[in-house]
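Colleague: In my numbering, the protein residues as written are 1088 to 1480. Ideal placement from N, C-alpha and C gives every residue a C-beta, glycine not left out.
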Ligand SMILES: [Zn+2]
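(1) Could you pull out every residue in the same chain whose Cβ sits closer than 6 Å to the Cβ of residue 1342, ignoring the five residues on either side in sequence?
(2) Is residue 1166 helix, strand or coil when you go by DSSP?
(3) Just checking residue 1250 against ligand 1 - is the residue's beta carbon closer than 7 Å to any of the ligand's heavy atoms?
(4) Quick check on the DSSP output: the beta strand (DSSP E) that includes residue 1356 runs from which residue to which?
(5) Given a threshold of 16 other Cβ atoms within 10 Å of its Cβ, counted over all protein chains shown, does residue 1261 qualify as buried or as exposed?
(6) Assuming residue 1217 contacts residue 1205 (C-beta within less than 8 Å), just tell me the rounded distance between them.
(7) Look up residue 1415 in the DSSP assignment and give the residues it is bridged to.
(8) Which of the three DSSP states, helix, strand or coil, is assigned to residue 1422?
(9) Can you check the stretch 1241-1304 for any alpha helix (DSSP H) of at least 4 residues that lies completely inside it and give the ranges in chain order?
(10) Just how far apart, CA to CA, sit residue 1121 and residue 1141?
(11) Is DSSP giving residue 1342 helix, strand or coil here?
(12) Round the Cβ separation of residue 1433 and residue 1384 to the nearest angstrom and send it over; I've been treating them as touching at under 8 Å.
(13) For residue 1228 versus residue 1184, is the C-beta distance shorter than 8 Å?
(14) How would you write the range of the beta strand (DSSP E) that residue 1049 sits in, first residue to last?
(15) Counting beta carbon pairs with one atom in the stretch 1119-1139 and one in the stretch 1284-1294, are three or more of them shorter than 8 Å?
(16) So for residue 1111, helix, strand or coil by DSSP?
(17) Take residue 1198 and list the residues in its own chain whose beta-carbon comes closer than 7 Å to its own, dropping the five residues that flank it on each side.
(18) Sorted by chain position, which residues of the same chain lie with C-beta nearer than 6 Å to residue 1441's C-beta, five sequence neighbours on each side aside?
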């Protein structure tokens, strides 16, 4: 068998199914005896889909069966089954549910009686409705297996495996690789949809076209606070460096040792009173860590109504351990105001539900948590709020 043997099926399939034909064109195809029949898998080199076909198996199929086989595999891909498979606890039931979801969209003459349908003899008594998702069918089968021992036995006797190979391999990818794979699949679905005329779009499974249409909706831009914060810290460093340089060259040129270099130092205060999450504290310190590693000195103060901890940062973010009622930042501001010449800037991480009666001197940045509130500090300062969906970035 050569790839040319595939092409007549592929061509006919594309003609009959413009959308799924497009998807089929986008995925890799490999002729291999690694699988007994055919399967779709994740290609570990490109993190795209690989359609694996056993040549001996292919030879035995009639043209209609070949059409059905290709259709079945491409539907799995378009429905995102490689990604969802590992979210199900029972892989055997998951395989049945996913096949049930897609087989009903394949022309009858391209399928055979052994295939899994909502009305296959074993499932007929469940009266499963058509055009439901695999999740629905999974729950229905799982429920029946719990209450019907005979059905459970029948399930156990069914051959496992099927054409799905090892779909739990998706679980083994790193989050970066998962993202690459997901984005590639979304991209393929979108591109295929763009290339499909209105009439053929109308023939697509409803749930699928709704999902794809969602991909075309413009998402509101999420404020990338981490990048902004990093830039802010970088600017602080530049200002400190310039100042140091200017002072020395102008007034103390040639007189080393008269004045020590101004240290690049940050004063970071963390409000541990209310709705502050450890995740948000960790996120902020992840950014602070960049400039710590670049040689900055960082003093950390935690507070609610008074100052609790006061220590030099050595690479470990404080945990939000105190909790409790209201908070007042006055002690912190007093402390900073007195020592402000030692620092480049103060950064306060808070939910914003605080009272502040001290006048802010020097440079301040307030970082407000996603569930927090912006407030009026009475003096000029910078302030921004971490967006609610910041985790998506
Ligand atoms: Zn299948």
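Modeller: Taking the coordinates as given:
(1) Below a pLDDT of 50, predicted positions are generally treated as unreliable, and residue 1342, at 46, falls in that range; no measurement from the model is reported.
(2) coil
(3) yes
(4) 1352-1358
(5) exposed
(6) 6 Å
(7) 1442
(8) helix
(9) 1262-1281, 1285-1289 and 1293-1303
(10) 7 Å
(11) Because the pLDDT of residue 1342 is 46, which lies under 50, any placement of that residue in the model is unreliable, and the number read from its coordinates should be weighed accordingly. Residue state, collapsed to three classes: coil.
(12) The Cβ separation is near 14 Å, so there is no contact.
(13) yes
(14) Given a span of 1088 to 1480 for the chain in the structure shown, any question on residue 1049 remains unanswerable.
(15) no
(16) helix
(17) 1155 and 1190
(18) 1414 and 1416
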